[in-house]
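Mapping of the sequence shown onto UniProt numbering: position 122 corresponds to residue 122, and the numbering continues sequentially without gaps.
Written below as structure tokens is the structure these notes are about.
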Amino acid sequence: MILLISDLHLQEERPDITRAFLDLLDGRARHAKALYILGDFFDAWIGDDAMTPFQQSICQALRTLSDSGTAIYLMHGNRDFLIGQDFCKTAGCTLLTDPSVVELGGEPVLLMHGDTLCTRDVAYMKLRRYLRNPLSLWILRHLPRSTRQKLARKLRSESQAQVRMKNTEIVDVTPDEVPKVMSEHSVRTLIHGHTHRPALHKLVVEGQPARRIVLGDWDRRGWALQVDDQGMHLAPFEFS
């Protein structure tokens, strides 16, 4: 069994989500061969050198799961793209590039956070290119912690305001971008998060049946995609 989750947006202000995640680690994830976390694991991350006690506790929980035998793979999201190798080494997880092709259920599957599929959001794509530039990343990581904290709060506030104002189509994936990306990577299954619109979309790529599975965000309930001998099953679960 393999589990895939995304968009938990872990933060101290949402202990219900934290408890649900820790329950998953102590439950299904203990019996899984691997756990994939496809971005926006934390609601904000200003650097491995600035971990709060809360973030350190999550790091230790991941290490405990890793030590039990479950492989953990982590992908950057738009909220936590400053997560680095120091965190991953301590947590016992592997940092995946976005996008990545992995084998799930006996087939190659494309994994993405999903934000790069939203090409109609021109302003965001421009900001993303700037923030992910290697020079920008170096500068961000070397800013004083207080400056990084202020910048993170500003970016988060602006992002929330812009999402509320933008047309829903703009902040969703661009339909033409999906088959293009899948064709480039020679896959018939794409799994991503980011849009907070969990669903299974059937489509055709190069004349062949294909599917796009969108993971859900953890807010009023949790979401997990389970891959096992019976196939791929996306389902929500209530917070205890």
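For each residue, glycine too, the CB sits at the ideal point set by N, CA and C.
N- and C-terminal bounds of the beta strand (DSSP E) containing residue i
| i | result |
| --- | --- |
| Met182 | Counting along the chain, Met182 falls outside any beta strand (DSSP E), though it belongs to the alpha helix (DSSP H) covering 177-184. |
| Lys89 | Where Lys89 is concerned, there is no enclosing beta strand (DSSP E), although the alpha helix (DSSP H) it sits in stretches over 85-91. |
| Ser100 | 100-104 |
| His31 | It is not in any beta strand (DSSP E) - His31 carries neither H nor E in the DSSP assignment. |
| His201 | 199-205 |
| Leu4 | 2-5 |
| Gln208 | 208-214 |
| Gly231 | 231-237 |
Between the CA atoms of residue j and residue i - distance to the nearest angstrom
| i | j | result |
| --- | --- | --- |
| Ala152 | Ile5 | 23 Å |
| Met232 | Leu62 | 24 Å |
| Arg221 | Arg120 | 29 Å |
| residue 256 | Gly207 | The chain is shown only over 1 to 240; residue 256 falls outside these bounds and no answer can be derived. |
| Thr94 | Ala34 | 11 Å |
| Thr12 | Pro209 | The question names Thr, but residue 12 in the sequence shown is Glu. Distance between the alpha carbons of Glu12 and Pro209: 42 Å. |
| Ile46 | Met75 | 16 Å |
| residue 242 | Pro99 | Examination of residue 242 is not possible in this model, given that the chain is present from 1 through 240 alone. |
Three-state secondary structure (DSSP) of residue i
| i | result |
| --- | --- |
| Lys150 | helix |
| Arg221 | coil |
| Met125 | helix |
| Arg188 | coil |
| His142 | helix |
| Phe42 | strand |
| Leu8 | coil |
| Thr116 | helix |
| Leu74 | strand |
| Leu96 | strand |
| Leu111 | strand |
| Asp80 | coil |
Exposure of residue i, with buried meaning 16 or more beta-carbon neighbours within 10 Å
| i | result |
| --- | --- |
| Thr70 | buried |
| Gln230 | exposed |
| Leu200 | exposed |
| Ala44 | buried |
First through last residue of the alpha helix (DSSP H) which encompasses residue i
| i | result |
| --- | --- |
| Pro15 | 15-26 |
| Leu62 | 53-68 |
Residue i vs residue j beta-carbon contact at 8 Å
| i | j | result |
| --- | --- | --- |
| residue 244 | Val178 | Residue 244 lies beyond the stretch modelled for the chain, which goes from 1 to 240, so this question has no answer here. |
| Asp115 | Gly84 | no |
| Leu25 | Leu82 | no |
| Arg197 | Val214 | yes |
| Phe21 | Asp80 | no |
| Leu8 | Trp218 | yes |
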